[in-house]
Every structure is written in C-alpha cells, then in structure tokens.
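Below is one structure, written out as structure tokens; comments come after it.
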C-alpha cells in the first residue's frame, strides 16, 4: 500500500566515551530504524572530539567518542516500514 513511519527523539548526558539512547518506549517496532540523525554537545572545556554512531540494534543507538568527555547526545530516529 505505502510507506509508514514514526519519529522518535531522545537524549542522554554522561561523562565518558559511549552514550546509548534507547527509544523502545517511543518507537513502535524493534529493528525498524532506517534513519538516524544525532548531535553531540560537548561540555565546558571538551574541545574538538571525534565521534561516530557505532551500533544500531533494536531501538538503541550507540554513539562513541575517541576521548572521554562530558557530553549530551541528542538523537532523532525514524523508523519506517511498508504497509499492505
């Protein structure tokens, strides 16, 4: 019939090299994440830090950095599927 989608947004704050946001309570289906946008907001004195999405499993998205920093990771995930 057509494509359907839902959008989930979440954030997590922590000090380290890895941040995981679980959007299971927001998105409808597991393992349907098709698009992820994210931003890393580095805390005071953090400087420039390399970061990347390391894993998407279920509705959990993991972002890792190359150095430990205090940061907030904000994610916007879109899950989509075909109906019909």
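Residue numbers (our numbering): 11 to 94. Cβ atoms here follow ideal geometry from the backbone N, Cα and C, with glycine treated the same way.
Where the beta strand (DSSP E) through residue i begins and ends
i          : result
residue 64 : 61-67
residue 52 : 43-52
Check whether residue i and residue j have beta carbons under 8 Å apart
i          : j          : result
residue 86 : residue 36 : no
residue 65 : residue 43 : no
residue 15 : residue 90 : yes
residue 76 : residue 60 : yes
residue 80 : residue 57 : no
residue 21 : residue 83 : yes
Simplified DSSP assignment, three categories, for residue i
i          : result
residue 34 : coil
residue 26 : strand
residue 57 : coil
residue 78 : strand
Cutoff 8 Å: residue i Cβ touching any chain D Cβ
i          : result
residue 25 : Within the model displayed, chain D is absent; a lone protein chain is all it includes.
Given residue i as reference, the closest of the options once Cα atoms are compared
i          : options        : result
residue 49 : 88, 39, 63     : 63
residue 74 : 20, 45, 24, 19 : 24
residue 54 : 19, 78, 13, 28 : 78
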